[in-house]
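These notes concern the structure reproduced below.
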Amino acid sequence: MLAVKSKLLDKIEATPVKTAKKVALAYSGGLDSSLCAVLAKEKYDVEELFPITVDVGQGPDEMDAAIQKAKVLGITPIVIDARAEFAELWLTKAIQANSNYEGYPVSTSMTRQLIASKIAALALKLGCDAIMEGSSGKGNDQYRMHNVFKLFAPQLDVLVPVRDFDLTRGEEEELSKELGIPITEVMQGGDDKTMWCRSLASGAIGLNQPIPEHAWLWWKSAGKTKSTPTKVSVTFEHGIPVAFDGNELSLPEIVSQLNVVAGSHGIGKIDIFEDGIMGLKSRELYEAPAAAVLLKLHHDLEQFCLTKEELEFKALVDQKWGSLVYHGAWFSPLKDALDGFIATTQAHVSGTQVATLFQGAIDFKEEPDPLIDRFTRSLAVDSRLFHEDITGSRAYAKALVGVGVLTRDEQAQIDGALAAIETDLTNHPFSSPPPLGEGRVAAPVAEDIHMFVEQRLIEKLGPLGGKLHTGRSRNDQVTLDLRLYVKAAGADLLTAIAALQSALVGRAREQIETVMPGYTHTQRAQPVLLAHHLLAYVEMLHRDHGRIKDAVKRADLSPLGAGALAGSGFPIDRQALASQLGFPAATANSIDAVADRDFVLELVSACSIVMIHLSRLCGEIVLWTSVEFSFATLPDGLASGSSMMPNKKNPCAAELVRAKSGRVAGDLVNLLMVLKGLPLAYNRDLQEDKEALFDAVDTTHDCLQVTATLVEGLRFDVDQMRAAAVTGYTLATELADYLSRKGMPFRDAHRVIGQLVASAAASNRSLESYSVGELSAFSPLFGADVAEHLTLEGALKSRDVLGGTAPSRVREALAHVET
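The working numbering applies: residue 855 is where the sequence shown begins, and numbers increase by one.
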């Protein structure tokens, strides 16, 4: 054949290779081994070639195709039926060990080692001096098979034409065509099938390249799965499946039936980014419906049959078992020792497991009652916590590295996926999540934001995404989210309070000389400065500021690591985790950590007090802008008209702030009643904390902003205020104080001025209109100096005490709040 010349053939002829006379060829019928069959005689001077095909459950079609292709090549393969051995001695151990590597069931790594052991043993029996195989040098097979070849037949050379001639996949195909070797149409990267798992397009698919529907053998995509759930049962004896749906079957029969049934429900597709033995990272596709079901059911059965200590240690053993087998160490002493331990644990792992398969899920639950389902969901409310939830999860993934649950590479994958999910949720309204990408299966509607994020993570990473919840409960997860939210919400509220204070201080500075009547019982009482009146609200808001800071301070402890109530089962460094999340410390008691909602109560309480203050201020704005008061007006943009009365200009925004104060007070009462009488630790009642919290925070924040806008927009009528300040006998107290300063007991002074006011009212006169002589008729203590006390300025000036309305004191107060 090599008489036909080409650049590739020239390359082959020019490359020196080691020759052999009797060679055992690992023959599968694929591109690599078919090319080896031709080159063996043409280039390696092989006189006797023994093609060996090991049947490990590829299926009759694949085996027939390999034999027919061998006829075209002029060779006759020796077929070794290893199906029973693979099932009984290899698969059983894999199931007992819950075997997986980076999220997919260990399969090809087992079959390659089994095949290599059979070929090596037969090669020795046939008297061969070499073994030939077709691995490329880029994947894992060269390592696994060569390990076994050297273990079973160390005296035999191993010939690898693809590596000897440094052929690329494209060059192999081109060379095969030149040599007349038929090429089977398969996906780039090959197609390797056993009864347990199918590997396709190994390392040859781009990260975002879609996979055509026809490429899958068992797995069905969304929209093509069965429309109704299927309930299946598997009976295990000593950890080994022995019956399916009540029928005693061999393991190959169980696997064969489950591949079809589970695949029809969209179960078993694995699309991962794998770390290979040779240090290469590649996208790998696997199809293993039966393995997915059997491994899950076996794992779940162990939860019933093994002690907590056995489960914890076996999880470590299982992980090591999968890693050893993946790395070609099936025949190692350590793996044999692990087999012994695992077999001991399986003595009591017997029973029948039932699962419902539907829409990609194993253990699909029957649809809950629609009313109960709708009633118990909280996603519509707590979806706004997605940022806090993802922040906590990203930090927790790092903590899991510290306890050996995750590798740094796994943590990096989880972190990247969570960041992508956060971007999706930030850029898309939550009610309309981003569209699913190619091959993604829509997850069932999540119950809450925690499950929503976890489902998205598993969609992206497969089983790796499910590892994140190790040692964590939604109980410590949700209170962490709430504490992070309270810290952020508190900061926003403090900013809004400061903005309103700034607006009030600005108007006070502007109106530093404006006089208005001060009120008690909504009756004009004494003259005060408008600035003094506005600064009273600044003081209220200052206390509000302190209350919110206190609430945030008490929320500033990390509950993560408290678990459901008793603490995590893994030695998480809670203090380091707290620091990473921006908390100064972790909570001291795990029960209190998940049950505590005091910090929510405190913030809602603080909000309700803020709203009471705003209701008072806005209530005054409503009064001041009324025709009856006419102390101020609102610009048209801050007021509303009437649908019927064209003369109306209504302070609707102020009225709504006043009304919403009752709403926030109701949130506080609601939350108090939710918490009243709750036993420790977590109860579902606490789901009701969020609506009250969110509503209180949102309403308070909005009302602070609205009130600041109203304050900034008010147009004060200075003359109207001054005129009102001198009516209603507001100087009466000043005159009583005048007489007291002259030595009259205050109660007598109070009586005298009361008589004066009655006289003035009867004659419809103002106090300022009385002369000194007229005043003397009421008391001889009145002198000429009383005149200055019958003016607004005199009355204001006399209130010269700390916190008083004297102009000098108000200026001091302004200077103080401005600093």
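Don't be surprised by glycine CBs; every beta carbon is placed ideally from N, CA and C.
Burial state of residue i (16 or more Cβ within 10 Å)
i: Gly-1214; result: buried
i: Asn-952; result: buried
i: Ala-1586; result: buried
i: Met-964; result: buried
i: Lys-1135; result: exposed
i: Met-1465; result: buried
i: Val-1626; result: exposed
i: Ser-1088; result: Here the sequence assigns Val to residue 1088, which means Ser is not the residue at that position. Result: buried.
i: Phe-1306; result: buried
i: Glu-1276; result: buried
i: His-1119; result: buried
i: Asn-1618; result: exposed
i: Lys-923; result: buried
i: Asn-1113; result: buried
i: Pro-1533; result: exposed
i: Ala-880; result: buried
i: Pro-1381; result: buried
i: Val-1481; result: exposed
i: Gly-1057; result: With a pLDDT of 49 at Gly-1057, under the threshold of 50, the modelled position of that residue is not reliable, and the figure given next carries that caveat. Buried: at least 16 other Cβ atoms inside 10 Å.
i: Gln-1331; result: buried
i: Thr-907; result: buried
i: Gln-1377; result: exposed
Nearest-angstrom Cα separation, counted from residue j out to residue i
i: Glu-942; j: Ser-1204; result: 17 Å
i: Ala-1234; j: Ile-1244; result: 17 Å
i: His-1202; j: Leu-1160; result: 8 Å
i: Phe-1185; j: Leu-1192; result: 12 Å
i: Leu-846; j: Phe-1158; result: Outside the modelled stretch of the chain, which goes from 855 to 1673, sits residue 846, for which no answer is possible.
i: Leu-1522; j: Gly-1531; result: 16 Å
i: Glu-1025; j: Leu-862; result: 8 Å
i: Leu-1488; j: Lys-1514; result: 20 Å
i: Glu-1138; j: Val-1406; result: 48 Å
i: Ala-1297; j: Gln-1265; result: Residue confidence for Ala-1297 is low, a pLDDT of 38 falling below 50, so the modelled location carries little weight; the figure read from the coordinates is stated next. When rounded, the distance between both Cα atoms is 23 Å.
i: Leu-1188; j: Leu-885; result: 35 Å
i: Glu-1301; j: Leu-968; result: 46 Å
i: Gly-1473; j: Leu-1388; result: 13 Å
i: His-1153; j: Ile-1426; result: 24 Å
i: Leu-1635; j: Arg-1595; result: 10 Å
i: Ile-973; j: Leu-1239; result: 59 Å
i: Gly-1567; j: Val-1359; result: 14 Å
i: Ala-1660; j: Leu-1383; result: 8 Å
i: Phe-1483; j: Ser-1662; result: 28 Å
i: Gly-1291; j: Gln-1063; result: Because Gly-1291 sits at a pLDDT of 38, beneath the cut-off of 50, its placement in the model cannot be relied upon, and the following sentence gives the value as read from the coordinates. When rounded, the distance between both Cα atoms is 11 Å.
i: Pro-1289; j: Glu-1107; result: Its pLDDT being 42, under 50, Pro-1289 is placed unreliably by the model, and nothing is read from it.
i: Gln-1042; j: Glu-1032; result: Its pLDDT being 47, under 50, Gln-1042 is placed unreliably in this model, and the coordinates cannot settle the point.
i: Thr-1673; j: Arg-1401; result: 20 Å
i: Val-1664; j: Ala-1519; result: 33 Å
Option nearest residue i by Cα separation, candidates the options
i: Ser-826; options: Arg-998, Ser-1030, Leu-1165 and Tyr-1339; result: This structure gives no information on residue 826, because the portion of the chain shown stretches from 855 to 1673.
i: Val-1392; options: Ile-1351, Pro-1413, Tyr-881 and Glu-956; result: Ile-1351
i: Gly-911; options: Lys-1162, Lys-1047, Leu-1534 and Arg-1361; result: Lys-1047
i: Leu-1540; options: Arg-1231, Asp-1556, Ala-1578 and Ala-1273; result: Arg-1231
i: Ile-1131; options: Ile-1108, Val-1179, Val-1096 and Val-1109; result: Val-1179
i: Asn-1443; options: Pro-1413, Ile-1268 and Lys-865; result: Pro-1413
i: Gly-1491; options: Val-1560, Thr-1441 and Arg-1512; result: Val-1560
i: Lys-1403; options: Gln-1429, Met-1527, Ala-1343 and Thr-1368; result: Ala-1343
i: Leu-1547; options: Leu-1457, Leu-1419, Lys-1168 and Val-1171; result: Leu-1457
Rounded Cβ spacing between residue i and residue j (contact assumed at less than 8 Å)
i: Lys-895; j: Leu-903; result: 7 Å
i: Thr-962; j: Cys-1051; result: 7 Å
i: Arg-1363; j: Leu-1656; result: Between Leu-1656 and Arg-1363 the Cβ distance is about 20 Å, and since that is not below 8 Å, they are no contact.
i: Leu-1013; j: Met-986; result: 4 Å
i: Thr-1324; j: Val-1448; result: In fact, because the Cβ distance is near 18 Å, the residues do not count as touching under 8 Å.
i: Thr-1199; j: Glu-1164; result: 6 Å
i: Val-1340; j: Phe-1453; result: 6 Å
Problem - Contained alpha helix (DSSP H) runs [length at least 4] in the segment 1307–1379, N- to C-terminal order - result: Counting only runs of 4 or more, we get 1317–1320 and 1328–1364.
Practice task
Pick out the complete alpha helix (DSSP H) segments inside the segment 1554–1633, 4 residues or longer, and give them in chain order.
Solution key: Within the segment 1554–1633, the runs of alpha helix (DSSP H) at least 4 residues long that lie entirely inside it are, in chain order, 1572–1580, 1586–1595, 1600–1616 and 1626–1630.
Practice task
Can you check the segment 1199–1282 for any beta strand (DSSP E) of at least 3 residues that lies completely inside it and give the ranges in chain order?
Solution key: Fully enclosed beta strand (DSSP E) runs of 3 or longer: 1205–1212.
Practice task
Kindly provide the ranges of any beta strand (DSSP E) runs that are 3 or more residues long and lie completely inside the segment 1473–1515, ordered along the chain.
Solution key: Qualifying beta strand (DSSP E) stretches: none in this window.
Practice task
For the segment 1388–1475, list the alpha helix (DSSP H) runs that are entirely contained and at least 4 residues long, ordered along the chain.
Solution key: Given a length threshold of 4 residues, each whole run of the alpha helix (DSSP H) inside the segment 1388–1475 is given here in chain order: 1428–1434 and 1444–1449.
Problem - Contiguous alpha helix (DSSP H) assignments of at least 4 residues, all confined to the segment 1083–1145 - result: List check, alpha helix (DSSP H) in window: 1105–1117.
Practice task
At 4 residues or longer, and completely inside the segment 989–1021: list those alpha helix (DSSP H) runs for me, N to C.
Solution key: Fully contained in the segment 989–1021 are the following alpha helix (DSSP H) runs of length 4 or more, in chain order: 995–1006 and 1015–1018.
Practice task
Note down, one range per segment and in chain order, each beta strand (DSSP E) of at least 3 residues found wholly within the segment 889–935.
Solution key: Runs found: 902–909 and 932–935.
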